[in-house]
Amino acid sequence: MFFHIVLERNMQLHPRFFGQNLRENLVSKLIKDVEGTISGRHGFVLAVTGIESVGKGLIRDGTPFVTFPVKYRCVVFRPFEGEVLEAVVTRVVQHGLFAEAGPLKIFVSNHCIPDDMEYQTGDMPNYTKSDGSVCFLFSPVLCG
590 MFFHIVLERN
600 MQLHPRFFGQ
610 NLRENLVSKL
620 IKDVEGTISG
630 RHGFVLAVTG
640 IESVGKGLIR
650 DGTPFVTFPV
660 KYRCVVFRPF
670 EGEVLEAVVT
680 RVVQHGLFAE
690 AGPLKIFVSN
700 HCIPDDMEYQ
710 TGDMPNYTKS
720 DGSVCFLFSP
730 VLCG
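Take 590 as the starting number for the sequence shown in this note's numbering and just add one per residue.
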């Protein structure tokens, strides 16, 4: 689910960011560019936790930009099929329910909900078990 891994990225930096704060400018651009992104291989990049190395910059032909290879440590969120996640129900509809687990948006089809649960309409739609207990409920008052 959560992994602490090392990734690499080629960062392009304009010469106006060179000088005493070159490394800080490179790190802040890296954080801005990668945090909150999704990689099909690694999952959601949640946070950059450190810099392993910054390589020598190479001037790009025909542009003022310089490319720096950067190795960085980060925390990623990668759910796997069949994995059980704690999620917050955001919406209940007749065809299923919507939920969120961190940055992951989830839809659970009505066909995947156990047969002893039945959809109930009303002011606060929900799924109720045959014994009357409410299982999946979304309340806009509680959830904001």
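Backbone N, C-alpha and C fix where the C-beta goes; we use that ideal spot for every residue, glycine too. Values in this document were obtained by computation on a predicted structure and should not be read as measured data.
- Listed in chain order, the beta strand (DSSP E) runs fully inside the segment 590-649 are 591-602 and 632-643, counting runs of at least 3 residues.
- A contact between stretches requires three or more CB pairs, one per stretch, nearer than 8 Å, and the segment 611-622 fails this requirement with the segment 697-713.
- Proximity of the segment 675-683 to the segment 602-615 falls short of the contact definition, fewer than three beta-carbon pairs being nearer than 8 Å.
- The shortest C-alpha to C-alpha distance from Lys660 to any of Gly644, Val673, Gly651 and Glu675 is the one to Gly644.
- Bounds of the beta strand (DSSP E) holding Asn715 are Asn715 to Lys718.
- Within the same chain, Asn715 and Thr717 come within 6 Å of Gln709 by CB-CB distance, once the 5 residues on both sides are set aside.
- For Thr656, the enclosing beta strand (DSSP E) starts and ends at Val655 to Phe666.
- Shown here for Phe666: same chain residues with a beta carbon closer than 7 Å to its own, the five before and five after excluded, namely Met590, Phe591, Gly632, Phe633, Leu635, Gly691 and Pro692 in chain order.
- Beta-bridge analysis with DSSP links Phe696 to Phe687.
- Distance between Pro604 and Val655, taken at the CA atoms: about 7 Å.
- Take the alpha-carbon of Val637 and the one of Cys724: they are about 37 Å apart.
- As DSSP reads the structure, Val673 sits in no beta bridge.
- When the five nearest sequence neighbours on each side are left out, the beta carbons in the same chain lying within less than 7 Å of the beta carbon of Met706 are those of Tyr716, Thr717, Lys718 and Cys724, in order along the chain.
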